[in-house]
Amino acid sequence: MNENPDIQAHQLLDNLSLYYGPKKKFVAICAGTGCRASGSLKVKEALEAELKKQNMNEVDVLATGCLGFCEKGPMVIVHPDKYFYQHVKVEDVPEIVSKTVAKGEIISRLVYRHPETQKTLYREEDLPFYKKQNRIVFGQNGMLDPSKIEAYFNIDGYQALAKVLSEMTPEDVINEVKKAGLRGRGGGGFPAAVKWEGVRRAHGEPKYVIANGDEGDPGAYMDRSLMEGNPHSVIEGMIIGAYAVGSNQGYIYVRNEYPLAVTHLTIALEAARQNGLLGKNILGTNFSFDIHINKGAGAFVCGESSALFASIEGRAGEPRAKYVHAVEKGLYDKPTVLNNVETWANVPLIINKGADWYASIGTEGSKGTKIFSLVGKINNTGLIEVPMGTTLYEIIYDMGGGIPNGRKFKAVQTGGPSGGCIPERLLDIPVDFDKLYEVGSMMGSGGMIVMDETSCMVDVARYFLEFLKEESCGKCVPCREGIRRMSDILEDICSGRGREGDIEILESMGAAIADGSLCALGGSAPNPVLSTIRYFREEYEAHIKEHRCPAGVCKALITYSIDPDNCTGCGVCVKVCATQAITGEKKKAHVIDKDKCTRCGACIQSCKFDAIKVK
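Using the working numbering, you'd call the opening residue of the sequence shown number 1 and step up by one each time.
Quick look at the structure:
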């Protein structure tokens, strides 16, 4: 608690409130990495120029962080009416300004249309993608410019910190986080308050607070988007955590492949220092704390706590035995709190709105919301934030819009490369830490990769094991040799060299690797194999016993043929075939020489008549 009686809560809050007063009319454009790649910065420049040209200088253009619906970028939202425009181009800008900004008129070609009903939906909150979300953390992205601390003040930024420093003891903070039921969003779901309590009680100085932004899962970009779009939420959470545990030094560990995140974090940290929110005597109190950015080289294993510590210390990113707990001996063998960036971003909300409010969201054992990246074979690609306990079905069909091209859902992989694959019959399970674990998967950092009937589950397992093989640090034998051997067996199965007993070997090896590996990477590495065997054993058996890939993916186990009833003899497939395996007269059904065919797929992609068949 603040020891200076002259510094009271209301004074701190008044100081911050000097920055309040957002414009009622403004245009927000997504400037996250994805939309930038689609040209959003050029649209922003065009908007600024057009507003000036039409003498509307009072209207601001807000370059925000990621808005989530990445499939529809660049996205523009015109406030205060919150009209949502998708796939905006530079040439659309004059009309947006003259009609929507100036007169409140809708431009029909830019609004969202429901794919089934064709109903026009004008506002962000009306879109199915957003409607069932509860964006308590990620929704703030759309209301601020991440490069301006004033924008964060406008959404009650640093109010939680002021409350903590003026009204709460460190024990009060820990108890509030404990009462809220906040669990770590980095994968394991360990109760955040238990970590904090352990570090506060631990002997040894200094104590460290770290935000893990080393997001290495294929298809995952939740943490990146938070750091890009709302860096101050992470920073404020870390300062509060540091006060609670008695730390004066913090680190944000972020991979160097996230240049925009690093830039916005750097700007945010400097702005926080200039405003007395970091450094010596924060907000006039006797509490001091500062944060440094540490850029990692992109090693997947450095997402593991002890490997991350080693990297910050300047050593090779290798894990150590897990019986050495970070709360006692973490960074530089000192007591350390490590939470991922999403966990930290939840902390100010808990302090501002109360533990009871937070605990009212989610399930009994998993409170609050979770941000997921929804990618793969799904109509609506992007980032979603949902209450814990939301079903997989709601996520994939209500928010995700189902499977493209009328195909059938097959599985969803959660928890990153060492997560599990969940089949269609389990789509009704509520998504939380415990339920995912029960079905052989895990939360992970929040990646969800959707697969349809064209996905081969044996090949999926092979892909993830290959990834983990390359990312293993090689320090311990079970992980180094076990993953390699499992990968070799999967490669044989996909190549038509599978043998009776391979499935059983994979199962026994998976159990041995999980039990004997030094860190969580090795301990969870068998999950994609074990879960696909558990739910899709018949596909493994088809590969081994019948030398057949039911999904038509594994080249060694498939053949191409031409359906004479569908073939028009147009000759396009002949032109694209690099091996001259396709022959036939014009306007007559063609044939494929199976000995010459390399199964490259070029003919399938070129055929407009669905005449190429894969068996």
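Here a beta-carbon is modelled for each residue, glycine too, at the ideal position from N, C-alpha and C.
The model shown is predicted, which means the values in this text are computed figures rather than measured ones.
Boundaries cannot be given for residue 86, as no beta strand (DSSP E) includes it and DSSP labels it neither H nor E. The Cβ-Cβ distance between residue 200 and residue 191 does not fall below 9 Å. Residue 140 sits buried, since 16 or more C-beta atoms from the chains shown fall within 10 Å of its C-beta. Less than 9 Å divides the Cβ of residue 207 from the Cβ of residue 335. A buried status is given to residue 44, since no fewer than 16 other beta-carbon atoms sit within 10 Å of its beta-carbon. CA-CA distance, residue 86 to residue 63, rounds to 15 Å.
The alpha carbon of residue 391 has as its nearest neighbour, out of 366, 430 and 339, the alpha carbon of 430.
Residue 362 sits away from residue 346, with the two beta carbons spaced by 9 Å or more. About 4 Å separates the beta carbon of residue 401 from that of residue 380, a gap short enough to meet the 8 Å contact definition.
With fewer than 16 other CB atoms across the displayed protein chains lying within 10 angstroms of its CB, residue 501 is exposed. For residue 611, the secondary structure class from DSSP, reduced to helix, strand or coil, is coil.
With a threshold of 16 other beta carbon atoms within 10 Å, residue 344 meets it and is buried.
Leaving aside the five residues that flank residue 441 on each side, the residues in its chain whose CB is nearer than 8 Å to its CB run, in chain order, 413, 414, 415, 419, 420, 421, 422, 527 and 531. Per DSSP, the beta bridge partners of residue 30 are 64. For the 9 Å CB-CB criterion, residue 281 and residue 185 do not form a contact. Between residue 427 and residue 388, the alpha-carbon positions lie close to 15 Å from each other. With at least 16 other beta carbons inside 10 angstroms of its own, residue 458 counts as buried. For residue 333, the closest C-alpha among the options 342, 305 and 358 is that of 305. The residue from 365, 231 and 283 with its alpha-carbon nearest to that of residue 262 is 231. Within the same chain, Cβ atoms closer than 7 Å to the Cβ of residue 130 are found at 124, the five residues on either side in sequence being excluded.
Around the Cβ of residue 159, a 10 Å sphere holds 16 or more other Cβ atoms; the residue is buried. Proximity to residue 351 across 142, 173, 292 and 522 peaks at 173, based on C-alpha coordinates. With 16 or more neighbouring CB atoms inside 10 Å of its own CB, residue 224 falls in the buried class. Under the criterion of beta carbons closer than 8 Å, residue 217 and residue 447 qualify as touching, at roughly 4 Å. Excluding the 5 residues flanking it on each side, residue 279 has same chain C-beta neighbours closer than 7 Å at 273, 288 and 290, in chain order. Considered as a whole, the stretch 471–525 harbours 477–494, 502–516 and 520–524 as its complete alpha helix (DSSP H) runs of no fewer than 4 residues, in chain order. Bridge pairing for residue 411: 423 and 451 [DSSP]. For residue 372, the enclosing beta strand (DSSP E) starts and ends at 369–376. Distance from the CA of residue 240 to the CA of residue 247, rounded to the nearest whole angstrom, comes to 10 Å. For residue 295, the three-state secondary structure derived from DSSP is strand.
Following the DSSP letters along the chain, one finds residue 336 inside the beta strand (DSSP E) bounded by residues 336–340. Contact between residue 319 and residue 518 holds, with the beta-carbon distance rounding to 6 Å and staying under 8 Å. Residue 527 sits in a helix when the DSSP states are folded into three classes. Cβ neighbours of residue 604 within its own chain (closer than 7 Å, five residues either side excluded): 612. With contacts defined as CB atoms closer than 9 Å, residue 606 and residue 575 qualify as a contacting pair. Of the candidates 542, 198, 355 and 331, the residue whose Cα lies closest to the Cα of residue 558 is 542.
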